[in-house]
Amino acid sequence: MAGIMAFAESRDGEVRKVAHEVVTAARKLADALGTEVHAVVLGPAGSAAAAGELGGFGADKVFVGESDAFAHYSAEGFTTVLAAFLKEHGCDAALFPASAQGKDLAPRVAARLGVGYASEATALDVGGGQVVATRPEYAGKLFAKVSFAGKPAVVSLRPNVFTPVESAKAGEVQKLDVSVNAADFGAVVREIRAAAEAKLDVGEAPIVISGGRGLQNPDNFKLLEELAAAFGGRAAVGASRAVVDAGWRPHGDQVGQTGKTVAPTLYFAVGISGAIQHLAGMRTSRFIVAINKDPEAPIFKVADYGIVGDLFQILPRLTEEVRKMLA
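Structure below.
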């Protein structure tokens with residue numbers, strides 16, 4: 100059986116949450132095609148220990164390529180190994196997360212193999228024995244169904260859309276031969292310097308509090324930071340595109356079509372009107388709370404709870420109540 104390859108992204112020897120999403124999506128696709136899921140992990144020595152968990156999300160086999168050369172992501176090195184794996188196994192499809200790493204790697208692999216590539220897929224189906232990917236167009240105003248003429252079909256999956264589902268399989272861990280040399284690396288990462296103050300990523304936080312133009316100036320984001328702190332380190336602060344474009348917040352905080360897609364348990368949209376670009380990045384949140392002074396703001400159409408009023412009066416009171424509740 101050819102199988103579905105699921106690239107399981109890892110960092111510092113640990114499998115990331117997006118890897119669970121990709122393997123889950125691969126499991127569903129493999130069941131429809133009557134084939135297996137082959138998860139591939141590339142990382143430094145010791146990566147195999149964490150890779151075994153992928154069986155719990157539906158991987159039949161987990162191939163682990165361990166090498167000090169893969170301690171940090173290498174576009175050329177990873178492409179060489181994955182392209183060789185796909186050629187050897189003749190996979191029907193190759194799935195990647197549409198993370199920063201996945202969006203760089205997936206099209207390289209497709210180009211190396213000379214096959215089609217679909218990015219940011221939000222659904223996968225099978226039609227006539229072929230993989231069909233659904234992806235958004237025009238900032239989410241419409242969705243296109245994309246089929247592939249050849250194999251493998253290379254697809255990157257939008258994060259936080261494919262919910263990880265436990266589907267225990269053998270998860271047999273096998274060593275993957277990573278016979279690469281210096282010629283396979285166009286550039287080598289020598290060091291990664293983390294930001295001075297590490298903060299929770301909006302793409303992985305269970306609670307996201309996003310602010311828009313309604314906050315009036317960047318200094319007022321301290322109100323969101325205080326509310327996030329009240330949740331005891333479980334909340335991250337996000338931002339709308341307008342705010343990021345104005346230079347109020349870094350791009351890494353942006354939620355939306357051209358930012359990050361989030362699906363937290365609880366999402367606050369503060370001073371955000373609800374343009375379709377923003378909705379495309381957060382509408383899959385489990386519970387959405389909107390705070391806006393305009394009762395006609397589009398954000399209220401997708402919100403589970405809406406508060407019409409002055410955010411500068413509401414946020415301090417809300418923060419105080421959260422502190423009391425969690426004390």
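Residue numbers for the sequence shown follow our numbering, beginning at 100 and rising by one.
Ideal Cβ positions, reconstructed from N, Cα and C, are used throughout, including at glycine.
{"Query": "Of the residues Phe320, Leu425, Glu165, Glu120, the one placed nearest glycine 142, counting alpha carbons only", "Result": "Glu165"}
{"Query": "Cut-off 6 Å between Cβ atoms - residues of its own chain near valine 87, not counting five sequence neighbours on either side", "Result": "The requested residue 87 does not occur in the structure, where the chain is confined to residues 100 to 426."}
{"Query": "Three-state secondary structure (DSSP) of glutamate 395", "Result": "coil"}
{"Query": "Distance CB(leucine 323)-CB(glycine 332) smaller than 7 Å", "Result": "no"}
{"Query": "Neighbourhood of valine 388 by C-beta distance below 6 Å, restricted to the same chain and skipping five residues each side", "Result": "Phe367, Tyr404"}
{"Query": "Which listed residue (Phe177, Val139, Ala183, Gly215) has its alpha carbon closest to that of glutamine 200", "Result": "Phe177"}
{"Query": "Distance between beta carbons of valine 254 and alanine 59, contact taken as under 8 Å", "Result": "Residue 59 lies beyond the stretch modelled for the chain, which goes from 100 to 426, so this question has no answer here."}
{"Query": "Glycine 133 classed as buried or exposed, judged by whether at least 16 other C-beta atoms fall within 10 angstroms", "Result": "exposed"}
{"Query": "CA nearest to the CA of alanine 374, picked from Arg422, Leu365, Arg312", "Result": "Arg312"}
{"Query": "Proximity winner among Glu113, Gly157, Thr360, relative to alanine 148 (alpha-carbon distances)", "Result": "Glu113"}
{"Query": "Neighbourhood of valine 421 by C-beta distance below 8 Å, restricted to the same chain and skipping five residues each side", "Result": "Leu326, Ala329, Phe330"}
{"Query": "Supposed close pair alanine 158, valine 122 - CB separation, criterion 8 Å", "Result": "5 Å"}
{"Query": "Arginine 115 (DSSP reduced to helix, strand or coil)", "Result": "coil"}
{"Query": "DSSP beta-bridge partners of arginine 234", "Result": "Ala243"}
{"Query": "Which listed residue (Val343, Met381, Lys250) has its alpha carbon closest to that of alanine 182", "Result": "Lys250"}
{"Query": "Exposure label - lysine 268; buried when at least 16 CB within 10 Å", "Result": "buried"}
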